[in-house]
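Asker: Sharing a structure below in structure tokens format, with a few things to ask.
So, in structure tokens, the structure goes:
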């Protein structure tokens, strides 16, 4: 009987030991399989990241060679492999900026900043996107942040300070714009453009003698250039400084600085101040400079119609439609005067 008990016990121990060995073997096998699977996944991720790095670098080289479509394809493939590749986003945003797709560039740069908050160049590119899309307030904020990170930029300081000065001016931060303009003028590249901004900033600060001084300097350095009065009018209107603009343009006229576009802007300034007779006289003078400009008879028609002189208004509207048969105001004019249909 003891021998039988021993045999049964030995058999049970043998079966249990074998089961334990099989369990340990299965566990080890499972661990090896899991480990190999994790290793394979890590190798695939590492390869994807390496491939993304290669594609991003190639995108940069293709951009330098102006092969933009291939550069875009490589940058997008790099991001598909590694969505957190900051430089691939930077290169893609730079491509959008080069091709003047400013909203797209802004979105790409904004998504790249959390990935590479240490890179000042991202802020510089984002500021350019805002600036060239006309969002001067955000351009100013971004450039302020950039200049805190890199107060003495080594790459493109002339462009950076020029944008900063103009964005401040267009955002109606005239005092800070004066400081930024002083920094920007240390570089000669954008002297002519900056002098025009100087003129505008002085007008918006009601400093007409200073505006005249900067205008004379502008004519000295660029005697063949004409200052574009369009931005002067738009910014003076936005800032409520039409009277200052009027005084500046009248001073130019007294000096003999006359041309059709300047006279047209002066007339619009008069009209906005309800000085309609002066606006009419100025528009007629402008017509002598540019008789084929369809906007001038349109403005004259509007002013005469506002004054109740419908006969004169109809005559100038007719001239406008002769000069611009596909005018976007055609339907509105014909509703006022059915005889012009």
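Residue numbers (my numbering): 950 to 1290. For each residue, glycine too, the CB sits at the ideal point set by N, CA and C. All values reported here derive from a predicted model rather than from experimental measurement.
1. Could you give the distance in angstroms between the alpha-carbon of residue 1163 and the alpha-carbon of residue 1091?
2. Relative to the C-alpha of residue 1268, which residue among 1246, 1200, 1288 and 1277 is closest?
3. Tell me which residue opens and which closes the alpha helix (DSSP H) that residue 1145 is part of.
4. Is the CB-CB distance between residue 1223 and residue 1235 below 8 Å?
5. Alpha carbon to alpha carbon, how far is residue 1052 from residue 1078? Give it in angstroms, no decimals.
6. Would residue 1058 and residue 1042 qualify as a contact pair, given that the criterion is a beta-carbon distance under 8 Å?
7. If you compare alpha carbons, which of 1038, 1128, 1010 and 1048 is closest to residue 1062?
8. Once you ignore the five residues that flank residue 1194 on each side, which residues in its own chain have a CB closer than 7 Å to its CB?
9. Ends of the alpha helix (DSSP H) at residue 1269?
10. Extract the residue ranges of the alpha helix (DSSP H) inside the region 1069 to 1134, only unbroken runs of 4 or more that lie entirely within it.
11. Ends of the alpha helix (DSSP H) at residue 1052?
12. Using alpha carbons as the reference points, say which of 1126, 1110, 1251 and 1046 lies closest to residue 1281.
13. Taking only the alpha-carbon atoms, compute the straight-line gap between residue 1241 and residue 1212 and give it to the nearest angstrom.
14. Can residue 1021 and residue 1044 be called in contact, C-beta distance under 8 Å?
15. Which same chain residues, not among the five before or five after residue 1074, have their C-beta less than 8 Å away from its C-beta?
16. Let's test the definition: count the other Cβ atoms within 10 Å of the Cβ of residue 1203 and tell me whether it reaches 16, buried, or not, exposed.
17. With a threshold of 6 Å on Cβ separation, who are the neighbours of residue 1120 within its own chain once the five nearest residues in sequence on each side are excluded?
18. With a cut-off of 8 Å on the beta carbons, I'd call residue 1130 and residue 1114 a contact; round off their distance for me.
19. Is residue 1233 buried or exposed, if buried means 16 or more other CB atoms sit within 10 Å of its CB?
20. With a threshold of 16 other CB atoms inside 10 Å of the CB of residue 1260, please say whether the residue is buried or exposed.
21. Taking only heavy atoms of the ligand PLP into account, decide whether any of them is closer than 7 Å to the Cβ of residue 977.
22. Compare the C-alpha of residue 1229 against each of 1207, 1206 and 1253 and name the closest.
23. In the DSSP assignment, find the unbroken alpha helix (DSSP H) run with residue 1276 in it and report its ends.
24. Exposed or buried, what is residue 1170 when buried is set at 16 or more other beta-carbons lying within 10 Å of its beta-carbon?
25. If you run the structure through DSSP and keep just helix, strand and coil, what is residue 1013?
26. If you draw a straight line from the C-alpha of residue 1065 to the C-alpha of residue 1159, how long is it?
27. Tell me where the alpha helix (DSSP H) around residue 1201 begins and ends.
28. If you count every other CB in all the chains shown that lies within 10 Å of the CB of residue 1124, and 16 or more means buried, which is it?
29. In angstroms with no decimal places, state the Cα-to-Cα distance between residue 1050 and residue 1283.
Answerer: According to the data block:
1. 28 Å
2. 1246
3. 1140 to 1153
4. no
5. 7 Å
6. yes
7. 1038
8. 1152, 1181, 1182, 1185 and 1218
9. 1259 to 1272
10. 1069 to 1081, 1085 to 1098, 1106 to 1119 and 1123 to 1133
11. 1051 to 1061
12. 1251
13. 15 Å
14. yes
15. 1039, 1042, 1043, 1046, 1054 and 1058
16. exposed
17. 1085, 1086 and 1089
18. 4 Å
19. exposed
20. exposed
21. You won't find the ligand PLP in this model; it holds no ligand whatsoever.
22. 1253
23. No alpha helix (DSSP H) contains residue 1276, which DSSP labels as neither H nor E.
24. exposed
25. helix
26. 43 Å
27. 1191 to 1203
28. exposed
29. 38 Å
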